[in-house]
């Protein structure tokens with residue numbers, strides 16, 4: 267009887283050890299499953315974002331690698347207000363140029379054409395603000411600009427000179443030019 271008891275006790279301990287090991291393994295598998303589920307869900311979201319991005323590129327939007335923005339350049343001429351309305355209809359706004367590199371990128375897109383940007387001094391003459399209402403801190407004005415030479419030149423464009431950087435000018439907002447929209451994206 268005593269031998270049988272010892273054998274059963276030993277078997278019970280072995281079963282308990284096996285049970286504990288299987289429980290740990292189950293918990294590890296559950297953790298792995300949860301992590302893989304999160305990773306799968308993130309990959310699905312990334313895929314959906316890339317598909318949206320791909321559709322935008324197919325619709326004529328261009329990506330500038332240093333920023334989380336894409337750009338659309340029109341192929342028709344409109345005044346500044348109509349240009350902005352078009353951008354807003356696309357879920358964007360007229361471009362806000364933050365750096366010299368971005369200015370050079372925009373100039374390269376334009377190929378020596380003039381285009382409206384999201385900058386104006388309609389509120390107060392000489393106080394230039396971007397379409398998001400932030401004040402202009404760094405500008406890329408061409409020589410002698412802004413000058414309001416024709417009077418009432420309250421809207422800014424880029425591409426007024428052949429210089430790829432220093433080519434902004436102020437123009438009357440009712441003149442018609444192409445324009446560039448900018449949309450922030452999350453990749």
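In the working numbering, the protein residues as written are 267 to 453. Quick reminder that beta carbons are idealized off the backbone N, C-alpha and C, glycines included. Computed from a prediction, not measured in an experiment: that's the story for all the values here.
Rounded distance between the beta-carbons of residue j and residue i, thought under 8 Å
i, j, result
"residue 395", "residue 443", "Rounded, the Cβ-Cβ distance is 19 Å, inconsistent with contact."
Boundaries (first-last residue) of the beta strand (DSSP E) holding residue i
i, result
"residue 424", "421-424"
"residue 449", "444-450"
"residue 436", "435-437"
"residue 343", "Residue 343 -> no beta strand (DSSP E), and no H or E assigned at all."
With 16 other Cβ atoms within 10 Å as the buried cut-off, status of residue i
i, result
"residue 358", "buried"
"residue 383", "buried"
"residue 334", "exposed"
"residue 350", "buried"
"residue 320", "exposed"
"residue 424", "buried"
"residue 307", "exposed"
Residue i: first and last residue of the uninterrupted alpha helix (DSSP H) it sits in
i, result
"residue 346", "346-355"
"residue 367", "366-376"
Among the options, nearest to residue i - alpha-carbon criterion
i, options, result
"residue 377", "271, 428 and 318", "428"
"residue 337", "389, 402, 354 and 419", "354"
"residue 362", "297, 415 and 421", "421"
"residue 385", "282, 373, 419 and 271", "419"
"residue 388", "279, 449 and 440", "440"
"residue 431", "305, 400 and 371", "371"
"residue 417", "340, 367, 310 and 436", "436"
"residue 373", "305, 406, 345 and 276", "406"
Rounded separation between residue i and residue j - CA only
i, j, result
"residue 365", "residue 404", "8 Å"
"residue 286", "residue 293", "11 Å"
"residue 322", "residue 289", "49 Å"
"residue 301", "residue 315", "21 Å"
"residue 331", "residue 411", "30 Å"
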